[in-house]
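Visitor: So the sequences go chain by chain: A and B. If you read the first sequence in our numbering, its first letter stands for residue 1, the second for the next number, and so on. If you read the second sequence in our numbering, its first letter stands for residue 201, the second for the next number, and so on.
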Amino acid sequence: MPGQPAPIQKVEGRGLPLRGHDIDTDRIMPARFLRAVSFDGLERHLFEDDRAADPAHPFNDRRYAGAAILMVNRNFGSGSSREHAPQGLARAGIRAVVGESFSEIFQGNAAMLGVPCFTASHDAIEQLQALVEWAPETVIHADVESGVVTAGTVRVVTSLPPALRDSFVSGQWNPTAMLLDRFDQVRAIAAGLPYLNGFR
Amino acid sequence: MAETLFEKVWNAHAVRRLPSGQTQLFVGLHLVHEVTTPQAFDMLRQHGWKVAYPDRTFATVDHIVPTIARRRPFLDVMAEEMTAALERNCRDAGIPLWTLDSANQGIVHVIGPELGLTQPGMTIACGDSHTSTHGALGAIAFGIGTSQVRDVLASQCLALDPLKVRRVDVNGRLAAGVYAKDVILTIIRRLGVDGGVGFAYEYGGSAIDAMSIDERMTICNMSIEGGARVGYINPDETTFEFLRGRPYAPAGEMFERAARWWRHMASDRDAAYDDRVTFNAASIEPTVTWGINPGQSVAVSEPIAAVATDEAFAFMGFTPGARVAGTRIDVAFIGSCTNGRLSDLEAAARVVRGHRVAPHVKALVVPGSQAVARAAEARGLHEVFLEAGFEWRGAGCSMCLGMNTDRLEGQQVCASSSNRNFKGRQGSPTGRTLLMSPAMVAAAAVAGEIVDVRTMLDEVPA
């Protein structure tokens with residue numbers, strides 16, 4: 001199960017290229033699979049409708065079975081804030097996503113599960129996707145601190161928001177314990193908010 | 201130093217800088233619904249954490265609940281199970297919950313403002329991306345995922361990075377038949393569905409100033425469709441008058457003190473912005489989406505530009521250069537957190553009055569809340585819709601996301617007042633959604649195809 005915090009310095013594994021811009025979370029995890037009180041089994045429904053419509057969909061392609069690093073294009077994970085989308089990906093074994101850009105909510109939700117979403121240029125992503133389509137067995141190495149992603153002879157530099165990067169490296173990407181750590185300060189802020197204190 | 205409302209609210213709620221470098225931000229109001237929270241409550245139990253501020257947490261059911269046959273137990277066993285789980289969780293934690301038998305039930309983003317829970321200067325979070333809606337009253341409101349719901353339940357805080365602020369001015373007057381929905385669809389078309397990533401959108405200008413709170417909510421609601429997680433409008437007299445007398449709003453002398461603080465929280469006149477864009481209200485026309493994201497829209501009188509991907513054209517069945525007007529529809533849906541409020545139903549009823557829904561069209565009106573339904577019924581609007589052949593349903597999210605039994609079938613085409621035209625969004629993997637204003641949906645329901653609502657408004661003076 002995703003979510004047990006530990007330092008994440010690097011992610012290694014085979015790649016899964018998924019081409020297309022603006023792939024929203026309704027497509028990653030259609031709403032009917034949100035009809036449940038747990039996240040169990042969501043990995044079975046990833047891209048269910050897209051996969052049914054397209055037998056050649058990368059998530060149907062056995063060459064990419066067991067991949068750990070998803071490679072996407074622009075504005076991946078847009079739309080609904082449903083964590084079910086990154087939950088499904090994490091439960092299917094995806095441990096990092098490399099893309100041109102991400103929706104902010106998706107990137108944050110994925111981070112809470114220990115899944116970094118690295119951004120890189122269009123050309124860098126194109127190179128990685130093309131390489132993995134050509135040679136799916138290639139092992140990809142993503143270094144969280146430096147952002148360097150290598151795949152065979154391809155080397156690209158990616159980035160993460162600095163706070164997310166540091167939280168992965170230090171193992172503090174699941175923040176609840178930190179948020180509870182100095183609760184006296186939380187109470188002090190609440191005590192100073194006019195709307196919690198009769199606007200006095 | 202001059203500051204934006206975003207900066208003022210952020211600073212007032214910043215608890216500390218976390219070791220990770222993120223800000224620990226206090227959440228003044230946490231809204232909870234049945235679909236994105238059961239796992240969060242489970243995580244709390246696993247860790248032995250308690251809900252930190254149950255008195256700043258309010259819950260309702262909206263996403264999966266039925267809009268017909270609303271007696272318990274629901275015929276839909278999953279709707280029943282998820283509602284029962286929320287009831288248990290709220291009872292255990294002491295969180296107020298409004299279920300279908302409560303007069304306060306409705307879509308979470310409709311009832312927050314309606315009850316006066318949503319107020320200027322607050323931070324708000326909810327496990328739903330359309331939480332940006334609450335920015336219409338000058339709050340900073342974040343849509344969050346379930347793990348963050350867990351964080352807010354446990355600590356009333358979020359770990360976040362600050363956002364940049366883009367000022368979006370809309371100046372001038374909207375023409376008759378042009379609504380807030382057309383404005384936000386036009387903004388998203390120009391700035392892009394990912395143009396707002398990393399930004400909060402501050403909307404202003406004379407056209408926004410002239411809008412009611414209902415209209416401002418339509419604008420802020422769809423900020424996320426432009427990539428902006430947060431959208432807001434500075435509080436003004438319209439905001440204060442909206443809040444006055446609402447159940448959870450401050451009353452009496454306290455209201456005057458509140459209004460002083462709210463005024464003070466508005467962006468300073470000389471505040472600096474990270475970016476500015478301007479729109480001319482008079483040039484905005486009734487707008488309809490033709491593609492598979494909310495940025496793929498076109499003025500109803502214009503041909504579709506051939507700039508988008510083949511995927512959208514293939515899925516929707518349009519061709520570059522075609523017009524959306526004349527597109528035959530199967531379903532008309534009026535409702536959602538975008539356009540399910542009283543003024544939306546009034547605008548639609550004005551078009552529908554004296555007409556019949558085309559025989560091949562299934563048409564439904566789903567009020568955004570039970571309070572909206574009561575107010576509409578008091579004005580006889582339900583009769584206008586029922587006489588025309590619309591169904592008049594109970595409050596909920598309904599066909600906006602097709603989580604209950606209100607869904608498209610097969611390749612049906614739906615004229616919808618909701619917020620997303622994504623593939624599969626309305627419950628059928630091949631269903632097709634055209635987003636537009638409630639008045640345009642009403643016009644399409646009557647005509648049986650997409651028409652310019654202005655041609656029908658000529659018949660019935662407002």
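Glycine included, C-beta positions come from ideal geometry on N, C-alpha and C. Fair warning: this is a prediction, and the values are worked out from it, not measured in the lab.
Going by DSSP in three states, residue 656 of chain B sits in which element: helix, strand or coil?
Guide: As a position in the second sequence, residue 656 of chain B is number 456, starting the count at 1. Helix at residue 656 of chain B.
Visitor: Can you list the residues of chain A that residue 357 of chain B reaches, using a CB-CB cut of under 8 angstroms?
Guide: For the purposes of this step, residue 357 of chain B is taken as the residue at position 157 of the second sequence. The answer, in chain order, is 179 and 186.
Visitor: If you run the structure through DSSP and keep just helix, strand and coil, what is residue 614 of chain B?
Guide: Here residue 614 of chain B corresponds to residue number 414 of the second sequence, with the count starting at 1. Correct three-state label for residue 614 of chain B: strand.
Visitor: Using a C-beta to C-beta distance shorter than 8 angstroms, which residues of chain B count as neighbours of residue 7 of chain A?
Guide: Taking the first sequence and counting its residues from 1, the one referred to as residue 7 of chain A is at position 7. Simply none; closest approach about 12 angstroms.
Visitor: For residue 666 of chain B, count neighbouring Cβ atoms within 10 angstroms of its own Cβ and tell me buried if that reaches 16, exposed if not.
Guide: Only positions 201 to 662 of chain B appear in the structure, and residue 666 of chain B is not among them; the question remains open.
Visitor: Tell me the rounded alpha-carbon separation between residue 342 of chain B and residue 84 of chain A.
Guide: Here residue 342 of chain B corresponds to residue number 142 of the second sequence, with the count starting at 1. Here residue 84 of chain A corresponds to residue number 84 of the first sequence, with the count starting at 1. Those two C-alpha atoms are separated by around 18 angstroms.
Visitor: Tell me, please, whether the stretch 289 to 300 of chain B touches the stretch 250 to 268 of chain B by the rule of three or more beta-carbon pairs shorter than 8 angstroms.
Guide: Enough Cβ pairs lie closer than 8 angstroms, so yes.
Visitor: Which residues in chain A sit within 8 angstroms of residue 258 of chain B, going by Cβ to Cβ distance?
Guide: As a position in the second sequence, residue 258 of chain B is number 58, starting the count at 1. Near residue 258 of chain B there are no residues of chain A at all, since even the closest Cβ is about 14 angstroms away, more than 8 angstroms.
Visitor: For the alpha helix (DSSP H) holding residue 290 of chain B, just list the boundary residues, first then last.
Guide: In the second sequence, residue 290 of chain B corresponds to position 90, counting from 1. Residue 290 of chain B -> alpha helix (DSSP H) spans 277 to 293.
Visitor: Mind listing the chain A neighbours of residue 671 of chain B? Cutoff is C-beta to C-beta under 7 angstroms, in chain order.
Guide: Because chain B in this structure spans residues 201 to 662, residue 671 of chain B falls outside the shown range and cannot be described.
Visitor: In this structure, does DSSP put residue 497 of chain B in helix, strand or coil?
Guide: On the second sequence, position 297 is the one that residue 497 of chain B refers to. Reduced to three states, the DSSP call for residue 497 of chain B is strand.
Visitor: By the 8 angstroms beta-carbon criterion, what residues does the stretch 107 to 124 of chain A contribute toward chain B?
Guide: Those residues of the stretch 107 to 124 of chain A that come within reach of chain B (Cβ to Cβ, closer than 8 angstroms) are 108, 109, 112 and 113.
Visitor: Excluding the five sequence neighbours on either side, which residues of its own chain have a C-beta within less than 6 angstroms of the C-beta of residue 78 of chain A, listed in chain order?
Guide: Locating residue 78 of chain A in the first sequence gives position 78, counting from the first residue. Answer for residue 78 of chain A: 22, 24 and 103, listed in chain order.
Visitor: At the 8 angstroms Cβ level, is residue 616 of chain B part of the contact set with chain A, yes or no?
Guide: On the second sequence, position 416 is the one that residue 616 of chain B refers to. Answer no: the Cβ-Cβ gap between residue 616 of chain B and chain A never drops below 8 angstroms.
Visitor: Would you kindly check if the distance between the Cβ of residue 378 of chain B and the Cβ of residue 484 of chain B is under 8 angstroms?
Guide: Position 284 of the second sequence, counting from 1, holds the residue named residue 484 of chain B. Position 178 of the second sequence, counting from 1, holds the residue named residue 378 of chain B. Going by C-beta atoms, residue 484 of chain B is nearer than 8 angstroms to residue 378 of chain B.
Visitor: When burial is assigned at 16 or more other CB atoms within 10 Å of the CB, is residue 381 of chain B buried or exposed?
Guide: Indexing the second sequence from 1 puts residue 381 of chain B at position 181. Residue 381 of chain B is buried by the Cβ-count criterion.
Visitor: Pick from B:340, B:586 and B:235: whose alpha carbon is nearest that of residue 289 of chain B?
Guide: As a first step, residue 289 of chain B is located in the second sequence; it is residue number 89 there, counting from the start. Nearest C-alpha to residue 289 of chain B: B:235.
Visitor: Would the beta-carbon of residue 459 of chain B be found less than 7 angstroms away from any heavy atom of the ligand FMN?
Guide: Among the ligands in the structure shown, none appear at all, so the ligand FMN cannot be discussed.
Visitor: Short of 7 angstroms in beta carbon distance, which residues of its chain neighbour residue 555 of chain B, apart from the five on each side in sequence? Order them along the chain.
Guide: Taking the second sequence and counting its residues from 1, one reaches residue 555 of chain B at position 355. Excluding residues within five positions, the ones whose Cβ falls inside 7 angstroms are 588 and 646.
Visitor: Grouping DSSP H, G and I as helix and E and B as strand, with all else coil, what is residue 428 of chain B?
Guide: As a working note, residue 428 of chain B is residue 228 in the second sequence. Coil, per DSSP.
Visitor: Quick test of your reading: residue 424 of chain B and residue 332 of chain B, contact by CB under 8 angstroms. State the CB separation rounded to the nearest angstrom.
Guide: The sequence position of residue 424 of chain B within the second sequence is 224, counting from 1. The sequence position of residue 332 of chain B within the second sequence is 132, counting from 1. Sure, about 5 angstroms apart at Cβ, within 8 angstroms.
Visitor: Closer than 8 angstroms by beta-carbon distance: list the chain A residues that pair up with residue 388 of chain B, in chain order.
Guide: Locating residue 388 of chain B in the second sequence gives position 188, where the first residue counts as 1. Neighbours of residue 388 of chain B on chain A: none; closest Cβ ~11 angstroms, over 8 angstroms.
Visitor: Could you check how far apart the C-beta atoms of residue 34 of chain A and residue 603 of chain B are, in whole angstroms? I think they sit under 8 angstroms.
Guide: Stepping through the first sequence from its first residue, residue 34 of chain A is reached at position 34. Stepping through the second sequence from its first residue, residue 603 of chain B is reached at position 403. Sure, about 6 angstroms apart at Cβ, within 8 angstroms.
Visitor: Considering residue 411 of chain B, what are the terminal residues of the alpha helix (DSSP H) in which it resides?
Guide: Within the second sequence, residue 411 of chain B is the residue found at index 211, counting from 1. Note, residue 411 of chain B: premise wrong, no alpha helix (DSSP H); not H, not E.
Visitor: Determine whether the Cβ of residue 324 of chain B lies closer than 8 angstroms to any Cβ atom of chain A.
Guide: As a first step, residue 324 of chain B is located in the second sequence; it is residue number 124 there, counting from the start. Cβ-Cβ to chain A under 8 angstroms: no for residue 324 of chain B.
Visitor: Considering only the beta carbon of each residue, do residue 336 of chain B and residue 419 of chain B sit closer than 8 angstroms?
Guide: If you number the second sequence from 1, residue 336 of chain B lands on position 136. If you number the second sequence from 1, residue 419 of chain B lands on position 219. It is a contact, given that the beta carbons lie within the stated cut-off.
Visitor: Indicate whether at least one CB of chain A lies closer than 8 angstroms to the CB of residue 603 of chain B.
Guide: Mapped onto the second sequence, residue 603 of chain B falls at position 403. Interface residue, yes.
Visitor: Could you tell me whether the Cβ of residue 74 of chain A comes closer than 8 angstroms to any Cβ of chain B?
Guide: By one-based count along the first sequence, residue 74 of chain A stands at place 74. With 8 angstroms as the cut-off, residue 74 of chain A counts as an interface residue toward chain B.
Visitor: What span of residues does the beta strand (DSSP E) with residue 260 of chain B cover, start to end?
Guide: Indexing the second sequence from 1 puts residue 260 of chain B at position 60. Counting along the chain, the beta strand (DSSP E) containing residue 260 of chain B begins and ends at 257 to 260.
Visitor: With 16 other CB atoms within 10 Å as the buried threshold, where does residue 609 of chain B fall?
Guide: In the second sequence, the residue the question calls residue 609 of chain B occupies position 409. With fewer than 16 other Cβ atoms within 10 Å, it is exposed.
Visitor: With residue 229 of chain B as the anchor, note down where its beta strand (DSSP E) starts and where it stops.
Guide: Stepping through the second sequence from its first residue, residue 229 of chain B is reached at position 29. 229 to 232 is the span of the beta strand (DSSP E), which, as asked, contains residue 229 of chain B.
Visitor: Please check if any C-beta of chain A sits within less than 8 angstroms of the C-beta of residue 493 of chain B.
Guide: By one-based count along the second sequence, residue 493 of chain B stands at place 293. By this cut-off, residue 493 of chain B is an interface position.
Visitor: Taking the alpha-carbon positions, what's the residue 226 of chain B to residue 196 of chain A distance?
Guide: Start at 1 with the first residue of the second sequence, and residue 226 of chain B comes out as number 26. Start at 1 with the first residue of the first sequence, and residue 196 of chain A comes out as number 196. Cα to Cα, the separation comes out at about 12 angstroms.
Visitor: Given that a residue counts as buried once 16 or more other Cβ atoms are within 10 Å of its Cβ, and exposed if not, what is residue 751 of chain B?
Guide: Here chain B has residues from 201 to 662 only, and residue 751 of chain B is not among them.
Visitor: Helix, strand or coil for residue 70 of chain A, going by three-state DSSP, please let me know.
Guide: One-based indexing of the first sequence puts residue 70 of chain A at position 70. Three-state DSSP puts residue 70 of chain A in a strand.
Visitor: Quick one: which chain B residues come within Cβ less than 9 angstroms of residue 162 of chain A?
Guide: Translated into positions along the first sequence, residue 162 of chain A becomes position 162. Result: 221 and 361.
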